[in-house]
Every structure is written in C-alpha cells, then in structure tokens.
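Right, one structure below, let's go through it.
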Amino acid sequence: MFVKRRELEEADIDITAFMNLMIVLVPVLLMSMVFNHISILELNLPDLTGAQTASAEENRQLEVVVRESGIEVYFPSGRLVKRIDQLEPEEEGEESRHDFRTLSTVLQDIKRQLAAKSIAKSDALLLSEPGVTYQALVSTMDTLRVAKTVVVADVVEVQLFPDISLGDAPAKGGKS
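Take 346 as the starting number for the sequence shown in the numbering used here and just add one per residue.
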C-alpha cells in the first residue's frame with residue numbers, strides 16, 4: 346500500500362495589519378508628545394560677611410520690588426527711582442499685567458549711569474510680595490538679567506544685572 350505523504354508548506358506570517366498599526370500609531374504618539382524646555386537660573390544669596398573691600402559707590406544696592414499692584418525700583422537701597430503701575434487689560438475679562446518694557450528701560454538707564462561712572466555692577470536684589478504670581482517673578486528675573494536692544498540693524502541681548510538675589514518685599518509703606 347502506498348501512502349501519499351504530503352509535504353507541509355511553511356505558512357507565511359501576515360504582518361500587514363501590524364505594520365498598518367505601527368504606521369498610524371507612531372505619528373500619533375509623536376504628535377501627542379509634550380516637549381518641555383527647562384531652564385535654570387542661578388541665584389545668589391546676599392553677602393552677609395560685611396566686607397568693605399569695594400567703594401561705597403559700588404556697594405549701593407539695586408532693589409526691584411514686585412508687588413501685585415506694580416513694580417518699584419530703588420537705587421540706591423531706599424531711594425525710589427520709579428514706580429511702574431500695571432498695564433490695563435487689553436480685553437475684557439483679562440487680568441492686568443506688569444509692565445516689563447518700562448522696567449527694562451529703567452534698568453538700562455541705571456546701567457548707563459553706572460557705566461558712565463566706570464562702575465561694573467552686576468548684582469540686584471529682587472523682592473516680592475506673597476501674592477505675586479510665579480510667572481511675574483520669572484519674567485522680572487528675565488528682565489533684570491538681559492535687555493534686547495538694536496545695534497546696527499541687529500537685535501542683541503545686553504547683560505544688565507545677572508547676579509540676582511531673592512527676598513521678601515517689605516510692607517507697602519516700609520521703604521523710606
């Protein structure tokens with residue numbers, strides 16, 4: 346008796362459905378990814394040693410006080426240079442916001458005055474009230490660090506006061 350033997354053929358794996366899934370899934374996952382940009386600012390604590398090595402002119406402290414109602418700039422410490430009120434909301438229902446453009450102009454004027462006296466000052470004290478938003482504080486720090494100016498048709502960043510120390514703002518009538 347003859348038995349017919351059938352040769353078994355190897356079955357091909359159909360991965361078409363899986364490939365279609367990957368073709369759709371990869372772009373969807375890439376589009377839904379959140380790209381974060383984290384930047385770190387180095388902050389310094391005020392010098393408490395009381396060293397008197399620099400001149401009295403160089404030791405004058407620049408203070409920027411951020412309040413919910415606006416920003417106050419003191420230079421030297423205790424002498425009000427400018428009080429910058431908040432900007433009016435552009436649209437109804439929008440919150441008022443701080444005027445960082447005017448703050449930058451005031452800080453640039455102070456930097457120019459110091460440069461005219463050949464004083465290289467890079468430190469500033471940033472004081473804030475408890476109710477000030479985090480975004481307002483970070484934006485103030487960015488404004489303190491650099492200013493954008495136009496030089497020969499190019500926008501360049503000029504370093505203002507990059508060494509920032511943080512502190513709590515005194516009560517509203519606390520400055521004299």
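Note that beta-carbon positions come from the ideal geometry of N, C-alpha and C, so glycine has one too. Quick caveat: nothing in here was measured; it's all calculated off a predicted structure.
For residue 427, the uninterrupted beta strand (DSSP E) run begins and ends at 425-430, by DSSP. Distance from the CA of residue 364 to the CA of residue 491, rounded to the nearest whole angstrom, comes to 51 angstroms. In the DSSP secondary-structure assignment, residue 483 is not bridged to any residue.
For a cut-off of 8 angstroms, the C-beta gap from residue 416 to residue 485 is around 7 angstroms, short enough to register as a contact.
Within the model, the alpha-carbon separation for residue 479 versus residue 369 is close to 39 angstroms. Separation of residue 426 and residue 515 (C-alpha to C-alpha, rounded to the nearest whole angstrom) is 17 angstroms. Counting along the chain, residue 374 sits inside the alpha helix (DSSP H) bounded by residues 361-377. Cβ neighbours of residue 488 within its own chain (closer than 6 angstroms, five residues either side excluded): 445, 448, 449. Put simply, of 371, 413, 423, 464 the residue whose alpha carbon is nearest the alpha carbon of residue 432 is 413.
Around residue 459, the same chain offers 466 as residues with beta carbons nearer than 7 angstroms, after the five sequence neighbours per side are excluded. DSSP, read as helix, strand or coil, puts residue 461 in helix. Your pair residue 455 and residue 407 checks out as a contact, with CB atoms roughly 7 angstroms apart and the cut at 8 angstroms.
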